[in-house]
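Trainee: After the structure tokens below, expect a handful of questions from me.
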Amino acid sequence: MLATYQPLGVILFTRNINDPPQLHALIAAIRAVIPGAVLMVDQEGGRVARLRPPHWRAHPPARALPSPRVAWLTGALIGMECREAGFDLVAAPVLDVGAPDGHDVIGDRAFSADPERVAVMGAAMAAGMLAAGVQPIGKHAPGHGRARADSHLTLPVLDGVTPGDLLPFARNRALPWLMTAHIRYTSWDMDNPATQSRRIIEHLIRSDRRGGIGFGGVLITDDLAMHALSGPPGERAVKALAAGCDVALHCSGVLAESMDVLASIPAATQACLSRVEIARAMAAAAHQPGLDAGALAAERARLLA
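This is how it looks when you write it as structure tokens:
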């Protein structure tokens, strides 16, 4: 399948990972089939982590990080482990603003209920990842924190998007990647979730007018297999790309569903590939070779004590 369709890359989950030697061999096999593949992993820290002890460090959730320096250290440590494992792209930081009545699907994954703090802490974590040489993905634009439902299970609905929702994304608009939210914001689009809404992507995510985010990097969907969306897998991907997403992400691991997605979507556009190359160059330019993981981990432990 990968050899035939040559997707942009592959995301791996806990189900794909046993230990470092097995993971290195798997990634090498994928790269042999897809030259230039982007290898992605969901590694925020806390409960969202695919690389886990005993082979990799446990990292605290975003809410437990007390300062930008600790956020940078955590981003750098996560990034170093992911880079060493063979990944290019890490689905973090979470830029959603926490809300007291929001669903726990975000919960402690959010740095704070204060948009300013989320912006600063998210930027620090992303900078640590870039220093480690991996590309971070900010998520979930234009904001998931106030949703009262889990988009893995059903479609959350909100009246609209607040300036507070948008602020962390706007302050981090220079990140190489952002991920969309599977949420319907009815004041913007009565029919489509953000992932499949041209209006939201054009006017809230891509544009900086009327308080929009002004994002110019690679826009990737959240997992298209989530139950917030409806229709066959390929149809979901086509709608997301038609709305303005650059990359369709489908994570069920079901071969027939992956085949349907890959058979349904056109080859990657030159604009998308250009943005991906810029994102790679950004990570390469920010990379700080020679970071000492042991020293960074010791500093973080001291600051967390």
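Note that numbering that gives the first Met the number 0 numbers the sequence shown so that position 176 is 175, with each residue one more than the last. Quick reminder that beta carbons are idealized off the backbone N, C-alpha and C, glycines included. Computed from a prediction, not measured in an experiment: that's the story for all the values here.
(1) Kindly identify the DSSP beta-bridge partner or partners of Ile136.
(2) Tell me whether the beta-carbon of Ala125 lies closer than 8 Å to the beta-carbon of Gly163.
(3) Between Ala61 and Gly211, what straight-line distance do the alpha-carbon atoms span, to the nearest angstrom?
(4) Quick check on Glu9: buried or exposed, where buried means 16 or more other Cβ atoms within 10 Å of its Cβ?
(5) Does the Cβ of Glu80 have 16 or more other Cβ atoms within 10 Å, making it buried, or fewer, making it exposed?
(6) In its own chain, which residues sit with a C-beta less than 6 Å from the C-beta of Ala224, not counting the 5 before and 5 after it?
(7) Given this structure, state the Cα-to-Cα distance separating Gly144 from Pro114, to the nearest angstrom.
(8) What are the uninterrupted segments assigned as alpha helix (DSSP H) that are 4 or more residues long and contained completely in the stretch 113-168, given in chain order?
(9) Using the Cα positions of Ala227 and Pro135, report the straight-line distance between them to the nearest angstrom.
(10) Excluding sequence positions up to five away, which residues of its chain have a Cβ less than 7 Å from the Cβ of Ala48?
(11) Expressed to the nearest angstrom, what Euclidean distance is found between the alpha-carbon atoms of Thr194 and His181?
(12) Can you confirm whether the stretch 253-261 touches the stretch 288-302 when touching is taken to mean that 3 or more C-beta pairs between the two stretches lie within less than 8 Å?
(13) With Met258 as the anchor, note down where its alpha helix (DSSP H) starts and where it stops.
(14) Quick one: what does DSSP say Leu38 is sitting in, helix, strand or coil?
(15) What residue from Pro52, Trp71 and Glu83 has the CA that sits closest to Ala27's CA?
(16) Is it true that the CB of Met120 sits closer than 8 Å to the CB of Pro175?
(17) Decide if Phe12 is buried, meaning its Cβ has at least 16 other Cβ atoms within 10 Å, or exposed.
(18) Considering only DSSP beta bridges, list what Gly44 is partnered with.
(19) Relative to the alpha-carbon of Ile264, which residue among Lys238, Arg279 and Leu295 has its alpha-carbon at the smallest distance?
(20) Whose C-beta lies closer than 7 Å to the C-beta of Glu201 among residues of the same chain, with five residues either side of it excluded?
(21) Determine the closest residue to Leu7 out of Thr268, Asp18, Ala300 and Ser229, with distance taken between C-alpha atoms.
Mentor: Answer, in terms of the structure:
(1) Residue pairing of Ile136 in beta bridges, as defined by DSSP: Trp176.
(2) With contacts defined as CB atoms closer than 8 Å, Ala125 and Gly163 fail to qualify as a contacting pair.
(3) Separation of Ala61 and Gly211 (C-alpha to C-alpha, rounded to the nearest whole angstrom) is 25 Å.
(4) Note on identity: in this sequence residue 9 is Val, with Glu being the wrong assignment. Classification of Val9: buried, given that the 10 Å Cβ count is 16 or more.
(5) By the 10 Å Cβ count, Glu80 comes out buried.
(6) Correct list, in chain order: His249, Cys250 and Ser251.
(7) When rounded, the distance between both Cα atoms is 11 Å.
(8) Counting only runs of 4 or more, we get 114-130.
(9) If I take the Cα positions, the gap works out to 24 Å.
(10) Excluding residues within five positions, the ones whose Cβ falls inside 7 Å are Gln42 and His58.
(11) Their backbone Cα atoms lie some 6 Å apart in a straight line.
(12) With the cut-off at 8 Å, the stretch 288-302 and the stretch 253-261 do not touch.
(13) Counting along the chain, the unbroken alpha helix (DSSP H) around Met258 starts and ends at Leu254 to Ser263.
(14) Per DSSP, reduced to three states, the secondary structure at Leu38 is strand.
(15) Ala27 has its Cα closest to that of Glu83, out of Pro52, Trp71 and Glu83.
(16) No.
(17) The residue in question, Phe12, is exposed, as its Cβ has fewer than 16 Cβ neighbours within 10 Å.
(18) DSSP output for Gly44 lists Val47 as bridge partner(s).
(19) It is Lys238.
(20) Result list for Glu201: Gly243, in chain order.
(21) Among Thr268, Asp18, Ala300 and Ser229, the Cα nearest to that of Leu7 is on Thr268.
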